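Quick note: the sequence shown uses my numbering, first residue 7, plus one each step.
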Amino acid sequence: MSEPLDSQRRRHYLAALGIEEWQPRRAPPLPVSTPAPAVPASAPDATSAWQQLTEEVARCTRCDLYRTRTRPVLGVGDRHAQWLVVGEAPGAEEDRQGEPFVGRAGQLLDAMLRAIGLARGQNVYIANILKSRPPGNRDPAAAEVAACLPYLERQIELIRPRLILAVGRIAMQNLLATQSTLGRMRGQVHEFGGLKTPLIVTYHPAYLLRKPEDKRKAWEDLKFARGVFARLT
Ligand code: SF4
Numbered sequence: 007m008s009e010p011l012d013s014q015r016r017r018h019y020l021a022a023l024g025i026e027e028w029q030p031r032r033a034p035p036l037p038v039s040t041p042a043p044a045v046p047a048s049a050p051d052a053t054s055a056w057q058q059l060t061e062e063v064a065r066c067t068r069c070d071l072y073r074t075r076t077r078p079v080l081g082v083g084d085r086h087a088q089w090l091v092v093g094e095a096p097g098a099e100e101d102r103q104g105e106p107f108v109g110r111a112g113q114l115l116d117a118m119l120r121a122i123g124l125a126r127g128q129n130v131y132i133a134n135i136l137k138s139r140p141p142g143n144r145d146p147a148a149a150e151v152a153a154c155l156p157y158l159e160r161q162i163e164l165i166r167p168r169l170i171l172a173v174g175r176i177a178m179q180n181l182l183a184t185q186s187t188l189g190r191m192r193g194q195v196h197e198f199g200g201l202k203t204p205l206i207v208t209y210h211p212a213y214l215l216r217k218p219e220d221k222r223k224a225w226e227d228l229k230f231a232r233g234v235f236a237r238l239t
């Protein structure tokens with residue numbers, strides 16, 4: 007009998023991630039009992055709220071990063087998405103193009119999303135903690151995060167995602183207000199903000215490009231996230 011199309015597709019995406027497929031084990035119980043938040047109807051003025059947010063970020067001078075950025079990078083994707091991916095900050099290419107996760111890291115993120123049946127722009131919104139690029143891709147300063155995080159919080163209020171996937175240590179530490187390592191925070195359901203949005207962490211695709219041996223762990227995280235999401239809906 008020929009292999010089902012979904013299975014073929016998954017094998018293709020796993021190959022793109024550079025990892026071999028193996029048989030999934032039974033899904034583990036959730037470490038944290040996380041009730042699905044109620045999803046209120048979209049505010050009638052959501053479009054104008056997005057417009058206002060976009061304009062505010064475009065002229066933002068809350069931290070010094072506005073001086074060196076080419077353009078701010080608010081985010082990209084489906085504004086009614088159930089999944090929100092949050093990374094660290096724009097890099098050089100993102101700063102030029104005005105879109106998060108472009109270039110090789112962006113391609114790997116797209117492959118990671120496709121591996122769990124998601125596609126950029128379809129039920130996924132992608133954003134960063136910082137909307138402006140730190141020079142030389144240095145880590146964000148605490149004051150910069152404090153200045154910029156309210157924009158991400160407003161995005162979350164507008165999108166109301168059912169699940170946040172924080173990619174990379176910087177996103178994880180700032181969203182969860184912890185100094186813990188990413189390795190310790192993997193494999194658990196955390197919560198973010200007043201809406202208590204379930205949050206799962208995994209590796210940043212730029213890190214995975216440098217350390218491909220950790221792609222298998224990232225795949226475990228993605229399967230975990232997919233399982234959690236399935237139980238939320
Ligand atoms: S990083 Fe955020 S707070 Fe700083 S200038 Fe850019 S948009 Fe404003």
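Just so you know, even glycine gets a beta-carbon here, dropped at the ideal spot from N, CA and C. As the structure is a computational prediction, the values presented were derived from the model and not from experiment.
Excluding sequence positions up to five before and after residue 178, its CB lies within less than 6 Å of the CB of 172, 188, 191, 207, all in the same chain and listed in chain order.
If you ignore the 5 residues before and after residue 93, its C-beta comes within less than 7 Å of the C-beta of 106, 107, 134, 173, 174, 177, 210, all in its own chain and listed in chain order.
About 23 Å separates the CB atoms of residue 215 and residue 138; that is not less than 8 Å, and the two are not in contact. If one requires a minimum length of 3 residues, the beta strand (DSSP E) runs lying completely within the segment 120-148 are 130-134, in chain order. A contact between stretches requires three or more CB pairs, one per stretch, nearer than 8 Å, and the segment 66-86 meets this requirement with the segment 153-161. When the Cα atoms are used, residue 91 and residue 54 turn out to be separated by approximately 23 Å.
In the structure shown, residue 87 adopts coil according to DSSP, grouped into three states.
For residue 94, there is no enclosing beta strand (DSSP E), since its DSSP letter is neither H nor E. Neighbourhood of the ligand SF4, defined by CB distance below 7 Å to any of its heavy atoms: 63, 66, 67, 68, 69, 71, 72, 75, 78, 136, 137, 138, 150, 153, 154, 157, in chain order. A distance below 8 Å separates the beta carbons of residue 79 and residue 104. Under the criterion of beta carbons closer than 8 Å, residue 132 and residue 81 qualify as touching, at roughly 6 Å. Excluding the 5 residues flanking it on each side, residue 95 has same chain C-beta neighbours closer than 7 Å at 134, 135, 136, 139, 140, 146, in chain order. The beta carbon of residue 128 sits closer than 7 Å to the beta carbons of 84 from its chain, once the five residues preceding and following it are set aside; these are given in chain order.
In this structure, residue 165 places its C-beta atom within 8 Å of the C-beta atom of residue 87. Sequence-distant Cβ neighbours of residue 110 in its own chain, meaning closer than 7 Å and more than five residues away, are 215. Using a 10 angstroms sphere on the CB of residue 100, the tally of other CB atoms reaches 16 or more, which defines it as buried.
Restricted to the segment 183-219, the beta strand (DSSP E) segments that are unbroken, complete and at least 3 residues in length are 196-198, 203-208, listed in chain order. Proximity to residue 89 across 119, 202, 98 peaks at 119, based on C-alpha coordinates.
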